[in-house]
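K.L.:
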Amino acid sequence: GRKRWIFYPPGVTPPGVHPSPSGADVAMPISLGEWILNYWEEHLGRYDDPDPKRRPLECTVEPGDVVFVPHGWWHSVLNLDDVNVAITHNFVSRSNLPTVLRFLEKKQDQISGCRDREESIKPESLLDEFSKVLKAKHPEWYAEAHAEAQRGWKCAAWTDDKDDDTADAMDHADGRRDNGHAGKKRKQDAVDSLSTNSIISRAKAEEVANQSSTGGFSFSFAL
C-alpha cells in the first residue's frame, strides 16, 4: 500500500513534539492521526522557514518503493491504504560510525530492542562487543571513527549537554507559529499530488479505527 512520509532535519523539532534536553524522552501526541489533526497547519507553515535546510520534506511511497532515511532525521509515516506492509532495517556504515560509537557510549539508556531478550547483548555491553568486532575486521575504520566520536557529535540530533540545541531548535520553529501562510506554492509543492484534505481525512479514519494505536515521530539511525 501507499505511505505518506514526513521528515524533519536533525535539530529541527516537528510541531507538537517535545524532546527532553538529553533526548531520552519525547512527549508527543499519542498517534500520528492526532498529530495531523492538531498540528497539520503549523506543519505546513514550517515550509516558510527562510532557511531551506530547516524545512520539512514529504513524499508518498508507492508499493515496491524504497525509502532511505538519513540518520538523525525525525520521520513519521501515515498509511494511506487499508492494507500496508513494510520492512524496515537499521544499519551502521562508515559515514555514521562516529555517531553510533558515541551513542553506544553516551546514550545507553536510549538503546531499545535488546533489554528483554535473554540471548541479546545488553546495552551496557554493546559498545565493547561492537568495538571488538570492528577492531578485528576494520581497525582503520575504528581508529578514525573513535577519534572523531571523542571530539563530539557529528549529528545535530544529539547532544551531551542538559541545555541542548534541541530546545533552541524547537523555540526557533515555534516562534514562527503565527507568521501567517506565506509561501503558498512551497506548501503546495510539498504536498505534491496528495491533497491536504485527503491526508486529514485519512488521519481522521485512522483515529476512529485505531483508538489505542500509538505512533508519531522518531529518530533514524540509518546512514
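Following this note's numbering, the numbering of the sequence shown begins with -13 at its first residue and continues without gaps. All residues carry an ideal CB built from backbone N, CA and C; glycine is no exception. Bear in mind the structure is a predicted one, so any value in this text is a computation, not a measurement.
1) For Arg(-12), which of Ile107, Thr74, Leu66 and Phe77 has the nearest alpha-carbon?
2) Can you say whether Gly99 is buried or exposed, counting buried as having 16 or more other CB atoms within 10 angstroms of its CB?
3) Could you tell me which whole beta strand (DSSP E) segments of length 3 or greater appear in the stretch -1 to 54?
4) Closest to Leu30 by C-alpha separation, out of Lys92, Tyr(-6) and Glu134, would be which residue?
5) Who are the Cβ neighbours of Val47 in its own chain at under 7 Å, not counting the five residues just before and after it?
6) Straight-line CA distance for Arg88 to Leu120?
7) Any contact of the stretch 126 to 134 with the stretch 90 to 108, i.e. 3+ C-beta pairs under 8 Å?
8) Counting only the same chain and skipping the five closest in sequence on each side, list residues whose C-beta sits under 6 Å from that of Tyr25.
9) Do Val(-2) and Pro5 come within 8 Å of each other at the CB atom, strictly closer than that value?
10) Tell me where the alpha helix (DSSP H) around Phe116 begins and ends.
11) Thinking C-alpha only, which one of Trp139, Gly19, Ser187 and Pro109 is nearest Pro84?
12) If I measure Cβ to Cβ from Leu41 and keep anything under 7 Å in the same chain, skipping five residues before and after, which residues do I get?
13) By how many angstroms is the C-alpha of Ser111 removed from the C-alpha of Leu23?
14) Would you call the CB atoms of Glu91 and Leu113 closer than 8 Å?
15) Going straight from the alpha carbon of Phe77 to that of Pro125, what length do you get?
16) In or out: Ser17 buried (at least 16 other Cβ within 10 Å) or exposed?
P.N.:
According to the structure data:
1) Nearest option by C-alpha distance: Leu66.
2) Classification of Gly99: exposed, given that the 10 Å Cβ count is below 16.
3) Counting whole runs of 3 or more residues, the stretch -1 to 54 contains the beta strand (DSSP E) stretches 43 to 47.
4) The shortest C-alpha separation from Leu30 is found at Tyr(-6).
5) Cβ neighbours of Val47 beyond the five flanking positions: Arg(-12), Lys(-11), Trp(-9) and Val53.
6) Rounded to whole angstroms, Arg88 to Leu120 spans 14 Å at the Cα level.
7) The answer is no - the stretch 90 to 108 does not touch the stretch 126 to 134, with fewer than three Cβ pairs under 8 Å.
8) Pro1 and Gly2, listed in sequence order.
9) No; because the gap between Cβ atoms is not below 8 Å, this pair is not in contact.
10) Looking at the DSSP string, the run of the alpha helix (DSSP H) that includes Phe116 is Pro109 to Lys123.
11) It is Trp139 whose Cα lies nearest to the Cα of Pro84.
12) Note that residue 41 corresponds to Arg in the displayed sequence, not to Leu. Within the same chain, and ignoring the five residues on either side of Arg41 in sequence, the residues whose Cβ sits closer than 7 Å to its Cβ are Arg32, Tyr33 and Asp35.
13) Rounded to the nearest angstrom, the two C-alpha atoms are 42 Å apart.
14) Their beta carbons are under 8 Å apart, which means Glu91 touches Leu113 by this criterion.
15) In this structure, the CA atom of Phe77 is about 19 Å from the CA atom of Pro125.
16) Taking all protein chains shown into account, Ser17 has 16 or more neighbouring C-beta atoms within 10 Å of its C-beta and is therefore buried.
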